[in-house]
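A short worksheet on the structure shown next.
Number of protein chains: 2
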Amino acid sequence: MKHSKHILVLGSGRSSGALIRYLAQASEDHGWTMTVADRDRSLAQQKVAEHPTVCCEALDALDAGARGQIIAQHKVVVSLLPAYLHDLVAEDCIEMGCHLFTASYASRSLREKADDIIKRDLTFLVELGLDPGLDHMSAMADIDRIRSLGGQISSFSSFAGGLVAPECCDNPWQYKFTWNPFNVVRAGQTGALYIKQDRQVVVPYHRLFASHMPIPVRDLGVLEGYPNRDSSMYKVIYGLEDTETVIRGTLRYKGFCDPWQALVDAGLTNDGVKILVAPQMTWREFAAMFPGLMAFQTEPEQEQSDIGRALHWLGLFSDTPILMEGSHTPAECLEQLLIRKWQLQPEDRDFVVMQHQIRYELPEGQRNSTSTLLEKGEPDQTAMSTLVGLPLAIAVKLFLLGELRISGLHLPVVPLIYRPILRELETMDIRFHHQDEAV
Amino acid sequence: MKHSKHILVLGSGRSSGALIRYLAQASEDHGWTMTVADRDRSLAQQKVAEHPTVCCEALDALDAGARGQIIAQHKVVVSLLPAYLHDLVAEDCIEMGCHLFTASYASRSLREKADDIIKRDLTFLVELGLDPGLDHMSAMADIDRIRSLGGQISSFSSFAGGLVAPECCDNPWQYKFTWNPFNVVRAGQTGALYIKQDRQVVVPYHRLFASHMPIPVRDLGVLEGYPNRDSSMYKVIYGLEDTETVIRGTLRYKGFCDPWQALVDAGLTNDGVKILVAPQMTWREFAAMFPGLMAFQTEPEQEQSDIGRALHWLGLFSDTPILMEGSHTPAECLEQLLIRKWQLQPEDRDFVVMQHQIRYELPEGQRNSTSTLLEKGEPDQTAMSTLVGLPLAIAVKLFLLGELRISGLHLPVVPLIYRPILRELETMDIRFHHQDEAV
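For the record, the sequence lines run as chains A and G.
Under my numbering, think of the first position of the first sequence as 1, with each following residue one higher.
Under my numbering, think of the first position of the second sequence as 1001, with each following residue one higher.
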């Protein structure tokens, strides 16, 4: 039965909707067989409701035997599992001779397997979602276009954010959760490193949100961007060794970073100590554990600062009970508060913003290239999950059609991979707006 | 051959000298057999040079077979291995029916084995060195004495530090390494939590060294104390549930915390991003990656601040080459710099300072109890290694003599354990100075 079926999708959680629908349709069109396996079989079943030909299986991905058995039956594995499970899946795929597609970062241990992957003539495409994924593809399309003109790139800056549509911004933070709250609360804790005019700049966590930069985006005005973990490695990944400024970062609407910095400053995102939450404890009592919050709590209402207003809006100084008990880190408590306050409402639509700014030189002078993606979600389908799932799904389809012939471990930074994917996304009206002008 | 020998010491590194000598002498006195096992057998041999009856073995502690075999032959195991190996050793000891003594913190997984340890009628004594170790013993001796007087304890504060002797302070930091530089550079990164007047106070890492408190110590003037990770758990461990203020912390001489805070602020202790250290890179070029250092670099020499002076003294703004290459975190680079600058010289002597301050109430009024340990090292033996090794060694001897009868997993917080150990330390002139006065 080895490789008798075509596609195995592991995981049918939050980001799987668009991907499963796309691949189910492609399977029907091309006569492929497809399996969706999830710990919760009924969740998988929900996602494939309109495609009765897709097979659903219950799978505990930590069960090595069951995992190996199902992988061995398929030609291509798409893993939407949590990142820490990918190494296990990757090992199985190498052993069973399966191709692997994921939207997760290439881990160090996966990179160490690159030789094995090539030797067995397998195709492992990773970082194939939105960010990482579409960011690489669209950035490399810009970079390769500029290179083909003979342009010398002096500055590359790329920012992306998962936001809500501007018309749905109805709180002082201009933010709601459209993605994993756990990660949002703990964003940036490793600090950041970027390259500015050929110098490495280190930004420790506790200065990260204070170091936000103004990022003007078409139709949206000026947003706030803070640097991501390690921009310097994109000199190598994108071939920008001679580029003086390389920075990648995260976008928020104006008004987010300063109050978030105040929470970081005061220690509310700390995940290293556990406080004891007494029954009936209120948020005001919680806030009192953080001396750095005091100044905002006591601001007179008429002279309230923007930061104070944002913190008060969260209810941090209210007599509302926390409704947690036992030992929790400050970050865990803050996450619970924010899940309630930043919840996406049924009428809200999420909004993905991505923008690359590239400054380069031609013999006739300096130019500036700007590529912008603005993608609004649907009531029943976030833009985030569409944009994570579709590039991955398209890649799998192209691969099975024989239109994506490349073996080994790859990020989508080569034209062979990114061109057909971006082209098909355009037919689905997912496209960057390009602007290129002399400066 | 099961349990045919008495004492097995695992590891003969930095903290083992005093312990091995003490136990070797006790073994000769009482006719016990003793084995010292280290990955590097010659290191073990060096340490037992004067005690030819002690047997030395080469052991890779990660080799489960060899580890189990040697443990099975002994009655009591003393583990000086790195903390991450203790869980393995503990499992072997439970399986083989050996008693275990360590100076390391009781890990969560060890605490989960408490029932097994009792069931097999074994004795596992942990946190039996200096800090943790002597701190518990001496604090509980004070607490139990006050309780026996009927005292109500309102405040418990305990600070300890591994310093250099005052006469050896010849740099603006008043500090040199007398212990693991890795840990000193990364101290406090989880943040801290303590109890002040019945309120939990959270101190995030980036405010930890700015929050230092003045700690007057007899003969030494006022030192600086910053809070340790989680003081709140000592309410339970020390039975201080009704005590309004509970804080444990680390001591430094005056002048250390402010410049260290400046390094933390600027990001030099960051361990989350890797900078690329070019060949020939100087410390000045390194410093330029941290915008927060700029203000100190450009201070005019006549108006140099204390912080600026301390940073300049490190050579952070000098043209000295870094002498590292490749990718390193800022903390790794800083550690290398400090290892050179804060090196203990042959004539330097280390100095351990520990002090408990307890405020309590008797019917006749408020009182204040202060216990202080000041212990200076010898040229060939640091006070640190003596004070880590001796309590552990004494406990093992008492146990083998049948004078320490207790089974299960314990910290030295009960009189049965701490009394005879403190008593024997006093005979070796290691004693706290006690002061108790009305306030």
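Note that the Cβ used here is the ideal one computed from N, Cα and C, for glycine as well.
Check	Outcome
Mind listing the chain G neighbours of Val-202(A)? Cutoff is C-beta to C-beta under 7 Å, in chain order.	Gly-1267, Asn-1270, Val-1273, Ile-1275, Met-1289, Phe-1290, Pro-1330
What do you reckon, are the CB atoms on Gln-1336(G) and Asp-1271(G) nearer than 9 Å?	no
Which residues, in order along the stretch 1227-1255 of chain G, keep a beta-carbon less than 8 Å from a beta-carbon of chain A?	Arg-1229, Asp-1230, Ser-1232
Does any C-beta atom of chain A lie closer than 9 Å to the C-beta of Tyr-1418(G)?	no
Within the same chain, show all residues whose beta-carbon is closer than 6 Å to that of Ala-83(A), passing over the 5 residues directly before and after it, in chain order.	Ser-104
Using a Cβ-Cβ distance cut-off of 9 Å, determine whether Gly-365(A) contacts chain G.	no
By Cβ distance, which residues of its chain are closer than 6 Å to His-1433(G), with the 5 residues on each side in sequence left out?	Thr-1372
Interface residues of chain G around His-212(A) at Cβ under 9 Å?	The contacting residues do not exist; His-212(A) stays about 14 Å from chain G at best.
Write down every uninterrupted run of the beta strand (DSSP E) in the stretch 1077-1122 of chain G whose length is 3 residues or greater and which is fully enclosed by it, in chain order.	1099-1102
Between Arg-1309(G), Ala-1072(G), Val-1089(G), which has its C-alpha nearest Leu-1440(G)'s C-alpha?	The question about residue 1440(G) has no answer, for chain G in this structure spans 1001 to 1439.
Inspect the beta-carbon positions of Ile-118(A) and Val-76(A) and report whether they are closer than 9 Å.	no
Can you tell me whether DSSP reads Ile-417(A) as helix, strand or coil?	helix
Closest to Gly-1408(G) by C-alpha separation, out of Leu-1122(G), Phe-1317(G), Arg-1021(G), Val-1048(G), would be which residue?	Leu-1122(G)
On a CA-only basis, which of Lys-1196(G), Asp-1060(G), Ala-1049(G), Arg-1067(G) is nearest Glu-1244(G)? Give me that one, please.	Lys-1196(G)
Is Phe-156(A) helix, strand or coil when you go by DSSP?	strand
My assumption, with CB atoms under 8 Å, is that Trp-342(A) sits in contact with Phe-209(A). Please give the rounded CB distance.	Trp-342(A) to Phe-209(A), Cβ: 16 Å. No contact.
Classify Trp-313(A) as buried or exposed, calling it buried when 16 or more other Cβ atoms lie within 10 Å of its own Cβ.	exposed
What does the alpha-carbon distance come out to for the pair Met-1324(G) and Ala-1278(G)?	8 Å
Just to confirm, is the Cβ distance from Asp-348(A) to Cys-168(A) under 9 Å?	yes
Judging by CA-CA distance, which residue of Gly-292(A), Leu-293(A), Lys-376(A), Leu-404(A) is the nearest neighbour of Pro-166(A)?	Lys-376(A)
Helix, strand or coil for Lys-254(A), going by three-state DSSP, please let me know.	coil
Restricting to Cα atoms, I'd like to know which of Thr-250(A), Ser-232(A), Gly-249(A) is closest to Asp-242(A).	Ser-232(A)
Do the stretch 254-270 of chain A and the stretch 1210-1229 of chain G touch if we need at least three Cβ pairs shorter than 8 Å?	no
Assess, as a yes-or-no matter, whether the stretch 1010-1027 of chain G is touched by the stretch 1042-1051 of chain G under the definition of 3 or more beta carbon pairs within less than 8 Å.	yes
Locate the beta strand (DSSP E) running through Arg-359(A), then write down its first and last residues.	350-362
Chain A partners of Thr-1190(G), CB-CB under 7 Å?	Gly-272, Val-273
For the beta strand (DSSP E) containing Leu-1223(G), name the first residue and the last one.	1221-1227
Thinking just about the alpha-carbon of each residue, which of Phe-399(A), Ala-106(A), Asp-116(A) is nearest to the one in Ile-417(A)?	Phe-399(A)
Could you name the residues that DSSP lists as bridge partners for Asn-1368(G)?	Arg-1359(G), Glu-1437(G)
By DSSP, does Glu-1301(G) sit in helix, in strand, or in coil?	helix
Answer yes or no: do Ala-1310(G) and Gly-1365(G) have a C-beta to C-beta separation smaller than 9 Å?	no
Closest to Arg-207(A) by CA distance: which of Trp-173(A), Phe-182(A), Gln-261(A), Val-164(A) is it?	Gln-261(A)
My output table needs one value for Met-34(A): the three-state DSSP class, helix, strand or coil.	strand
If distances are taken between C-alpha atoms only, which option among Ala-1037(G), Arg-1041(G), Phe-1286(G), Thr-1053(G) comes closest to Gln-1069(G)?	Ala-1037(G)
Can you give me the C-alpha to C-alpha distance between Leu-1085(G) and Asp-1063(G), rounded to a whole angstrom?	11 Å
In terms of residue numbering, what span does the beta strand (DSSP E) encompassing Arg-1199(G) cover?	1199-1203
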